[in-house]
């Protein structure tokens with residue numbers, strides 16, 4: 079019975095439907111051919127489906143080619159001050175979109191092994207040759223759709239450009255372009271179009287495609303960081319249930335494995351461990367980070383924050399001071415740990431009974447809070463004003479000019 083079933087499945091994998099293919103090849107319009115393909119795709123072989131989708135390419139390409147010829151003629155006439163023929167640009171972009179989409183689907187079937195196990199694409203080179211130069215015009219369609227606030231169409235057009243840019247169908251054509259480019263880039267628009275495609279797809283509520291396009295952005299060394307930021311942002315979206323949270327954590331862990339030295343990926347993963355109550359996992363991750371990168375600002379800051387939350391103020395202060403001495407891209411980041419140091423000293427002061435001991439601790443707090451103020455005077459990253467007011471009030475008195483200034487500042 080097992081052998082018989084295996085034979086049956088093997089036979090069905092290469093089942094043929096020549097009558098359907100004949101009907102598809104006789105179709106006069108794109109819609110007619112597409113409807114026939116949708117009704118018969120599952121019953122046709124890979125070779126038959128490749129031919130069927132190539133029929134869609136032929137029909138749509140005829141319209142694209144004719145319109146493009148008029149567009150080029152019009153451009154030449156405009157340079158001579160003459161008026162050309164009108165062109166329905168919306169139809170042109172739509173025809174180009176379905177042509178590229180059909181070419182990808184054709185190629186998917188075209189490279190599948192036949193019944194003898196051989197792979198011999200019949201349509202790839204011809205389709206790539208005639209569409210490689212036209213492909214870039216779909217970007218203009220995306221821009222026009224975006225300006226018209228048609229996000230669905232913009233996402234589709236930018237998306238098909240991105241998908242074709244990383245496809246095997248156009249791989250050789252793009253490689254050939256790279257050889258003629260002094261910078262060795264075959265598709266100079268790909269990463270930027272992929273970035274916009276990701277944003278449009280996200281705005282159009284297609285999170286999966288948004289993340290796929292962000293992956294393409296990450297492949298460009300010059301935009302890798304921007305693509306990674308997009309990917310991390312998308313990963314956190316749509317978290318509604320416990321299952322979503324676990325999914326989010328898993329995706330961040332995968333990113334961290336791929337980008338172990340990126341500080342933002344580390345920070346986000348550590349934060350999600352905390353969000354889900356995996357405090358031991360977070361602590362382990364932080365210690366691993368410090369061991370591999372002893373001057374990592376984020377790791378020391380998080381370690382200090384954990385100690386502060388546990389009211390282990392001495393340990394928190396020590397860790398925050400370590401963070402303070404670490405290099406950062408933006409000095410304003412340090413204002414937060416400086417404020418936390420001040421908070422910890424103030425909290426310690428509140429826990430002691432002797433007045434002199436309280437004042438001594440508050441005096442230790444003041445320089446750190448004043449440094450935070452100097453770095454971040456507009457309080458963009460940290461609210462140093464209230465703990466500094468506490469210090470001034472208790473050390474210098476309520477009528478001191480410094481106390482009055484901070485009291486007034488807190489109103490805004």
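Residue numbers (our numbering): 79 to 490. Every residue gets a Cβ at the ideal spot worked out from N, C-alpha and C, and that includes glycine. Since this is a predicted model, take the numbers as computed values, not measurements.
query: Any idea what DSSP makes of residue 475, helix, strand or coil?; result: coil
query: What distance in whole Å lies between the Cβ atoms of residue 176 and residue 147, which are believed to be in contact at a cut-off of 8 Å?; result: With 8 Å as the limit, residue 147 and residue 176 do not qualify as a contact, their Cβ atoms being about 19 Å apart.
query: Just checking, does the region 294 to 301 make contact with the region 321 to 335 on the three C-beta pairs under 8 Å criterion?; result: no
query: Less than 8 Å between the C-beta atoms of residue 206 and residue 178, yes or no?; result: no
query: For residue 393, collect the residues of the same chain with a Cβ closer than 7 Å to its Cβ; drop the 5 residues on either side in sequence, then sort them by chain order.; result: 385
query: With DSSP run on the structure shown, which of helix, strand or coil describes residue 374?; result: coil
query: Rounded to whole angstroms, how far is the Cβ of residue 188 from the Cβ of residue 253, which I believe are closer than 8 Å?; result: In fact, because the Cβ distance is near 19 Å, the residues do not count as touching under 8 Å.
query: For residue 347, I'd like the list of residues in its chain whose CB is within less than 7 Å of its CB, leaving aside the five on either flank, ordered along the chain.; result: 330, 331, 334, 363
query: Classify residue 210 as helix, strand or coil using the three-state DSSP reduction.; result: coil
query: Using 10 angstroms around the beta-carbon of residue 265, count the other beta-carbons present and answer buried if the total reaches 16, otherwise exposed.; result: buried
query: My guess is that residue 383 and residue 418 are in contact by the Cβ rule of under 8 Å, so how many angstroms apart are they, rounded?; result: 7 Å
query: How big is the Cα-Cα spacing for residue 481 and residue 463?; result: 10 Å
query: Pick from 217, 379, 215, 321: whose alpha carbon is nearest that of residue 344?; result: 379
query: Taking the alpha-carbon positions, what's the residue 466 to residue 372 distance?; result: 30 Å
query: Looking at the secondary structure, which residues open and close the alpha helix (DSSP H) in which residue 460 lies?; result: Residue 460 -> no alpha helix (DSSP H), and no H or E assigned at all.
query: Where do the N-terminal and C-terminal ends of the alpha helix (DSSP H) with residue 143 fall, by residue?; result: 124 to 157
query: With DSSP collapsed to three states, give me the class of residue 414.; result: helix
query: Determine the contact status of residue 165 and residue 217, defining contact as a CB-CB distance below 8 Å.; result: no
query: Assuming residue 484 and residue 470 make a contact with CB atoms under 8 Å, what is their CB distance in whole Å?; result: 6 Å
query: Specify the secondary structure class of residue 579 as computed by DSSP and reduced to three states.; result: Outside the shown range of the chain, which is 79 to 490, sits residue 579, and nothing can be said about it.
query: Hey, residue 410 and residue 459: beta-carbon distance below 8 Å or not?; result: yes
query: Counting C-beta neighbours from all protein chains within 10 Å, is the total for residue 391 16 or more, i.e. buried, or is it exposed?; result: buried
query: Within a Cβ cutoff of 7 Å, which residues of the same chain sit near residue 210, ignoring the five residues on either side of it in sequence?; result: 248, 251
query: Going by beta carbon distance, what residues of the same chain come within less than 7 Å of residue 376, once the five residues before and after it are set aside?; result: 341, 344, 345
query: Whose CA, out of 354, 407, 349, lies closest to the CA of residue 374?; result: 407
query: Please classify residue 478: is it buried, with 16 or more other beta-carbons within 10 angstroms of its beta-carbon, or exposed?; result: exposed
query: Which two residues bound the contiguous alpha helix (DSSP H) that contains residue 445?; result: 433 to 453
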